[in-house]
Amino acid sequence: MRIKALSIENFTLFGKNQLKFSDGLNIIVGENDTGKSHLLRLLYSLIESNNLAAQQKADRKNYLLQKFIPQKLIDIFKPEELAHLIKSGQKNSHIKIDFTEYSIKFNFTPKTKIQVNIDKNEVPASLIKQDSLFIPTKEILSFYDGFMSLYLTRQLPVDETYYNLAQALGLLVLKDISLSSKEQQILTHLETLLNGKLLLENGRVYLSKKGKKREISLVAEGLRKIGTLSHLIANGSLNQNSILFWDEPESNLNPKLIREMAKVLVDLSSIGVQIFLNTHSLFLIKEFEILTEMKTKIKYFSLGFNVENNLRVSQSEDIEGLDDLVILDENLAQSDRFMKKVN
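Okay, so the sequence shown: first residue is 41 according to my numbering, each after it adds one.
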């Protein structure tokens, strides 16, 4: 199952927007505070709500979704109350997500507490569980030890995406990944970049190199992000049927590792993984442009405010077709400043 489209009305910063997605790579760009992370988190929240309902034996899936959607929105966005997710000054929010097999449509108001209003005509009799992963901006391996029990017993300033990722990382490595499989080829590439493999032992994470292990906290943060991805593939959490959400994959990576990460993400999308990511890196975008000409489907989304200060979403299969590409403008401006200095 894949995400085909999303209709948003009056959700956080969004007014009324319709987005159509690629089965491959979906890249979201924009200035800070334009809703990039909100978009990823909304999609992930709806996938998680769908999965919770799909696992229940009850027949009334619409009733389950009524409860699970607000629960997941609160767990992942961490507002004090659901009403705070409605765009300021508006009376309600309407959202519809279209999967390849069915759609889920709902709305909520400032009075909504524990149940949203589901359009019963959109919900099928049975739902499909969809493998999904969300990798937040901050890596988690350095504080993995004891994090899950701490999250469940204490108030922490982190959202559920960190807990879900920790759960996925905690699974044991698969025994039977075929050496000829494309997943194994990608895994080998990542482990070459790491010059080792991730090892989970007694709740702690190590980087294992030639029989010697090193505490993951002593490894560079960029390599910890590479290690996270490699372990998710090795234990089967990330596979060709997955949907992957990644908030700023380039963060704390040097240009060489950004280039390698771009190749890995393109390879993952080419074997069937649907990917949603946001980025501030023009370098990463250029790498995608170089790598995806013949290999995978790609779509770009640019978020920015118009003269009336309303959020505008521009979407295109070509980076040059976007309206609000601030990172390109700033890159060109920096080049101009540099040339003036050297001249």
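For glycine and all other residues, C-beta sits at the position ideal for the given N, C-alpha and C.
No experiment lies behind these values; they were computed from the predicted model shown.
Own chain partners of residue i with C-beta closer than 6 Å, once the 5 adjacent residues on each side are dropped
i: K160; result: N102
i: N66; result: F316 and K339
i: D138; result: K44 and A45
i: I175; result: W286
i: P150; result: A123
Distance, residue j Cα to residue i Cα
i: I48; j: N132; result: 11 Å
i: L125; j: N204; result: 22 Å
i: L209; j: L343; result: 32 Å
i: I154; j: P110; result: 6 Å
i: S309; j: I68; result: 16 Å
i: G361; j: Q355; result: 8 Å
i: H134; j: Q96; result: 25 Å
i: S172; j: N90; result: 11 Å
i: N57; j: A45; result: 11 Å
i: Y202; j: G186; result: 13 Å
i: F146; j: S282; result: 24 Å
i: L219; j: N294; result: Per-residue confidence for L219 stands at a pLDDT of 47, beneath the threshold of 50, marking its modelled position as unreliable; the derived number appears in the next sentence. L219 and N294: Cα-Cα distance of roughly 29 Å.
i: L181; j: N242; result: 14 Å
CA nearest to the CA of residue i, picked from the options
i: E348; options: F51, G55 and K44; result: G55
i: I419; options: L79, G70 and D199; result: With the chain represented from 41 up to 383, any question about residue 419 goes unanswered, as that position is not in the structure.
i: L214; options: G262, N275 and L308; result: N275
i: S291; options: K326, G262, L308 and T268; result: G262
i: V245; options: H229, R264 and L233; result: R264
i: L240; options: T228, H271, Q224 and I266; result: H271
i: E300; options: N279, S282 and I266; result: I266
i: L113; options: M188, L83 and T177; result: L83
i: T336; options: Q106, N346, Y184 and V306; result: V306
i: I168; options: N350, T193, T268 and L86; result: L86
i: I311; options: L293, F345, Q225 and G236; result: Q225
i: L269; options: L59, E223 and E357; result: E223
i: K107; options: T152, E179 and Q314; result: T152
i: G236; options: G243, N242 and L227; result: L227
N-terminal and C-terminal residue of the beta strand (DSSP E) that residue i is part of
i: R352; result: L351 to S356
i: A45; result: I43 to F51
i: Q58; result: F54 to K60
i: V245; result: R244 to K249
i: N281; result: Per DSSP, N281 belongs to no beta strand (DSSP E) and is neither H nor E.
i: R254; result: K252 to E255
i: V304; result: Looking at the DSSP string, V304 is not in any beta strand (DSSP E); the run it does join, the alpha helix (DSSP H), is P295 to S310.
i: L240; result: K237 to E241
Contacts around residue i, its chain only, beta-carbon distance under 8 Å, and the 5 residues preceding and following it disregarded
i: K303; result: H229, E327 and L331
i: I298; result: E290, S321, F323, L324 and E327
i: P164; result: K101, E141 and Y142
i: S189; result: none
Close-in-space but distant-in-sequence residues of the same chain around residue i (CB under 7 Å, 5 per side omitted)
i: E329; result: I359
i: L351; result: L53, F54, G55, T74, G75, L343 and F345
i: Y184; result: A206, L209 and V245
Range of the contiguous alpha helix (DSSP H) that encloses residue i
i: I273; result: E261 to A274
i: Y203; result: E200 to L209
i: I109; result: K101 to F117
i: L324; result: L322 to L331
i: N318; result: No alpha helix (DSSP H) contains N318, which is instead part of the beta strand (DSSP E) from Q314 to T319.
Open item on the list: Taking 8 Å as the cut-off, does the segment 239-251 touch the segment 284-296 (at least 3 CB pairs, one atom from each stretch)?
Closed with: no
TODO: Decide yes or no for the touch test of the segment 258-278 against the segment 316-330: beta carbon pairs closer than 8 Å, at least 3 of them.
DONE: no
Open item on the list: With three or more beta-carbon pairs closer than 8 Å as the criterion, would you say the segment 97-111 touches the segment 151-168?
Closed with: yes
TODO: Would you check if the segment 117-124 and the segment 59-74 touch, i.e. whether three or more CB-CB distances between them fall below 8 Å?
DONE: no
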